[in-house]
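Residues 6 to 320 (the working numbering) make up the sequence shown, in order.
For each residue, glycine too, the CB sits at the ideal point set by N, CA and C.
Below: one structure, written as structure tokens.
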Amino acid sequence: MKIIFAGTPEIAVPSLQALINSEHQIVAVYTKPDQPAGRGNKLIIGPIKQLALAHNIPIQQPKSLRDENEQALLARWQADLMVVIAYGLILPKAVLTTPRFGCINIHVSLLPRWRGASPIQQAILAGDTETGVTIMQMDEGLDTGPILYQLACPIAATETSETLHNKAAQLGAQALLTSLPAIANGTCTPQKQEDSKTCYAKKIEKQEAEINWQRSAEAIERQIRAYNPWPIAHTHLNEHLIRLWQAKVINASVTATPGTIIQVNKDSIDIATGKNILRLLKMQFPGGKCLSMRDVLNAKAELFALGSLLGNKAE
6 MKIIFAGTPE IAVPSLQALI NSEHQIVAVY TKPDQPAGRG NKLIIGPIKQ
56 LALAHNIPIQ QPKSLRDENE QALLARWQAD LMVVIAYGLI LPKAVLTTPR
106 FGCINIHVSL LPRWRGASPI QQAILAGDTE TGVTIMQMDE GLDTGPILYQ
156 LACPIAATET SETLHNKAAQ LGAQALLTSL PAIANGTCTP QKQEDSKTCY
206 AKKIEKQEAE INWQRSAEAI ERQIRAYNPW PIAHTHLNEH LIRLWQAKVI
256 NASVTATPGT IIQVNKDSID IATGKNILRL LKMQFPGGKC LSMRDVLNAK
306 AELFALGSLL GNKAE
């Protein structure tokens, strides 16, 4: 098939690479415009554009696909299919109906669970034990189109958003290649999503990463894993901002005020929560690296006195 590929971040790379290695022809790659970053606001070339450049694939970077001229340009590729994963631009109806087989999306959840922008993080926050990827026929709704194919994978007890992202990226490429023959020969049977089972994965906001110690140790531990590597769960100890990278739940009753340091070990710190104890294993101070608690305590043991209270920044 002649395929247009649309994607921008790292999670889309395995799927594009899989298509490059396949018998299909990639006629064009669509990706968001280069973004300024760093102190000098230098334009940064995204991962998908880098891969397309390496393989001499034509690249399009429109600011919007609502423009009729951009829609006419897309139609001139005469594509059989448009494959979309984490592209970042809305596809209007005129684009959705342009390729012969329409547009499909690789969504990193088992739809209809976790429609929206942050399915990986929300699955971890909710304590889901399974997720996966869905190949979906795109319509004008938000991840509402019929399901063409799904692959499931377990969520490990220590899974972070980073490790699950990497797992889902590879799974998405696998699901894509598996589903393409049925799409091409017309034997694919779309299945309508059960809207009654829908839940929404809203965009993550940075302030959500601040820890509320009134919550259970289990919920906070999931928060730490879900916000790794961004925006990083954080708290304060007096005037010090602390970012938390790894922790462990200790099932034990506790009467101390949530957020209180109740035990300092040689390689961990125990914190009282609304239910059970959270054992901190890795943390980071501003401007520093993520360190094991053993290394942190070797350098800054005086900060972690028993009875100290973690929480919002002291006024």
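Within its own chain, the residues whose Cβ lies closer than 8 Å to the Cβ of leucine 156, once the five positions on either side in sequence are excluded, are Gly137, Val138, Leu176, Gln179, Ala180 and Thr183, listed in chain order. Counting every other CB atom within 10 Å of its CB across the protein chains shown gives lysine 54 a total of 16 or more, marking it as buried. For glycine 177, the three-state secondary structure derived from DSSP is helix. Between the alpha carbons of arginine 105 and glutamine 251 lies a gap of roughly 48 Å. Residue environment: lysine 37 is assigned as buried (16 or more neighbouring CB atoms within 10 Å of its CB, all protein chains considered). Leucine 249 carries a strand assignment under DSSP once its states are collapsed to helix, strand and coil. Counting only unbroken stretches of 3 or more residues, the beta strand (DSSP E) elements lying wholly within the stretch 127 to 189 are 135 to 142 and 152 to 159, in sequence order. Counting other Cβ atoms within 10 Å of its Cβ, lysine 207 stays below 16 and is therefore classed as exposed. Here the alpha carbon of alanine 128 sits roughly 7 Å from the alpha carbon of tryptophan 119. Contact annotation, arginine 230 with glutamate 164: C-beta distance approximately 6 Å; criterion of less than 8 Å satisfied. Serine 221 is bridged by DSSP to Lys280. Residue range 108 to 112 is occupied by the beta strand (DSSP E) that includes asparagine 110. Secondary structure in the stretch 47 to 119: the alpha helix (DSSP H) runs of 4 residues or longer, each lying completely within the stretch, are 52 to 59, 73 to 80 and 98 to 101 in chain order. Taking one beta carbon from each stretch, the stretch 204 to 224 and the stretch 17 to 34 have fewer than 3 pairs nearer than 8 Å; the two do not touch.
With a cutoff of 8 Å on beta-carbon distance, asparagine 110 and isoleucine 125 are scored as not near each other.
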